[in-house]
Every structure is written in structure tokens, then in C-alpha cells.
Amino acid sequence: MSQFFTELLAGFARIVVSGFVLWMVLVVGLLFKELFSPGDVNLRSYLLRVWSLFLNSFEMASYGWVLWSFYRLNSTDADLQYGISLTLSIIASVYFLYLRVTGKMLLKHRA
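Counting from 1, position 7 in the sequence shown corresponds to residue 7 in full-length UniProt numbering; the numbering is continuous, with no gaps.
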């Protein structure tokens, strides 16, 4: 039972850490894009793009972990580790799809 909870926490940490790493890479790319663009930097639009990158990076990380966990589940014998990672990444993917759909619906209602 303790191994299950250890793998559950480790699977969650893998998804979160990979999302943060992807976000940091994308933020550095966005920063260089803003530095070399002509004109002034609009802080509000920049922070909005950083927030959008934050959500998109975790969404991409959860989709990537679905594929990676499914591949590793079939190619190795670490069934518990990658089974839990697959389950957590599917739950995260469904959550981010829900956020994407409700966000678009909220934007339609505001217009």
C-alpha cells in the first residue's frame, strides 16, 4: 500500500516537474521574442501570454505523459509506476480539455 502512494506521488511530481520545465523553456523563448521585437513591451499582454504558456505547458506535459506512459507500460515491466502515471496524465488531460472548453464558452458569453 505504501508503494502505491509513493508511486502516486512520484507520478504526480513527474507530470508537474515536466510541466514547469517546459514552461520555463517557453518563457525564456517568449522573453527573447519580446526583447527583439520593435516597440515597447506591454506588460499586461506579456503577462497574459506568460499565463497562457503556463496553462499550455501543463496541458502539453499531460498529453506527452499519456503517450510516454503508454509506451513505457508496454515496453517495460514497471507496471505500477507507468500505470499510475498513465492514469494521472489521463485525468490531467481531461481536466485541461475541460478548462479549454469552458474557457471558450466563457469567452463566447462575454462577447
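Cβ atoms here follow ideal geometry from the backbone N, Cα and C, with glycine treated the same way. All values derive from a computational prediction rather than experimental measurement.
In terms of residue numbering, what span does the alpha helix (DSSP H) encompassing residue i cover?
i	result
phenylalanine 54	43-75
By DSSP, does residue i sit in helix, in strand, or in coil?
i	result
glycine 11	helix
methionine 1	coil
aspartate 79	helix
serine 37	coil
Tell me whether residue i is buried or exposed, calling it buried when 16 or more other Cβ atoms sit within 10 Å of its Cβ.
i	result
glycine 11	buried
alanine 13	exposed
tyrosine 98	exposed
Nearest CA to the CA of residue i: which residue from the options?
i	options	result
tryptophan 23	Ser85, Tyr82, Lys33 and Phe58	Phe58
leucine 53	Val25, Asp40, Glu34 and Ser69	Val25
leucine 8	Arg49, Phe20, Val28 and Leu80	Leu80
valine 17	Tyr46, Ala61 and Phe4	Ala61
isoleucine 15	Ser37, Ser69 and Val101	Ser69
leucine 86	Gly29, Phe96 and Tyr71	Tyr71
In whole angstroms, what is the alpha-carbon distance linking residue i and residue j?
i	j	result
tyrosine 63	valine 41	32 Å
leucine 48	aspartate 77	43 Å
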